[in-house]
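As structure tokens, the structure follows; a few thoughts come after it.
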Amino acid sequence: NPYQIFDRRDTFTGTQQRKTYGFFSPYGVRGWYIMEENRIRNHQVKFRLSQEELDQLNKKILKSKLSKQDFFLKLIKEKEILVIEELPKLILELNRIGINLNQLTKKVNSKEKLGILKKIDLNRELKINSDALKSILNTIKDIFS
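According to my numbering, the sequence shown is numbered sequentially starting from 13.
Here it is, written out as structure tokens:
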């Protein structure tokens with residue numbers, strides 16, 4: 013049988029209670045509730061941390077946007093939780109480069125005749141944007157390798 017009846021854990025005493033009239037659902041409604049066998053978690057894990065370690069752990073959990081339980085379960089199952097601290101900076105930088113490239117393209121495609129000096133300036137700007145894009149791509153490769 014892949015399902016077992018869920019026992020409600022009393023939050024005040026920590027003891028398990030089995031009600032004769034039914035069982036509690038996760039939403040607090042009385043009724044029958046079935047749970048997959050491999051989802052029953054009846055073991056607690058406790059460990060001690062220094063204040064600095066606790067702060068680091070809480071920062072990582074906040075950045076992952078997971079609950080503490082989900083954070084540790086994901087850590088156990090997937091062996092690595094990827095938190096990219098530089099992602100907002102990379103997105104902002106990519107956005108700026110995109111705006112610059114759009115402006116350069118607009119200048120090139122305008123009906124005005126471009127002089128040699130303007131073309132040199134445009135080439136220099138394109139080189140700067142190209143180098144910035146390569147730098148961002150290298151950063152992304154470093155993060156995922």
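Glycine included, C-beta positions come from ideal geometry on N, C-alpha and C.
Remember, predicted model here, so these are calculated numbers, not experimental data.
State the Cα-Cα distance for the pair residue i and residue j, rounded to the nearest angstrom.
i	j	result
Leu69	Gly127	58 Å
Ser122	Ile132	16 Å
Glu98	Ala144	15 Å
Glu64	Lys71	11 Å
Lys139	Asp154	23 Å
Ser76	Lys118	40 Å
His55	Lys146	48 Å
Val57	Ile88	13 Å
Pro100	Lys130	33 Å
Glu90	Leu66	22 Å
Asn107	Asn150	17 Å
What does a CB cutoff of less than 6 Å around residue i pick up in its chain, not counting 5 residues either side in sequence?
i	result
Gly40	Low confidence applies here, because Gly40 scores a pLDDT of 48, under 50, leaving its location unreliable and the question unanswered by this model.
Glu137	Leu116
For residue i, which residues from the same chain have a beta carbon less than 8 Å from its beta carbon, with the 5 sequence-adjacent residues on both sides left out?
i	result
Ile152	Leu102
Glu105	Ala144, Ile148
Asn141	Ile109, Asn112, Leu113, Leu116
Leu61	Leu69
Which class does residue i belong to by DSSP, given the choice of helix, strand or coil?
i	result
Leu61	coil
Ser147	helix
Gln11	Lying outside 13 to 157, the shown extent of the chain, residue 11 is not represented and no answer is given.
Leu78	coil
Gly127	coil
Glu98	coil
Ser142	helix
Leu134	helix
If we cut at 9 Å on Cβ distances, does residue i have a partner in chain C?
i	result
Lys139	This model lacks chain C altogether, as it is built from one protein chain only.
Once you ignore the five residues that flank residue i on each side, which residues in its own chain have a CB closer than 7 Å to its CB?
i	result
Ile73	Lys80, Phe83
Exercise for the section: Pair every Cβ in the region 76 to 87 with every Cβ in the region 99 to 116, then say whether three or more of these pairs are closer than 8 Å. Expected result: no
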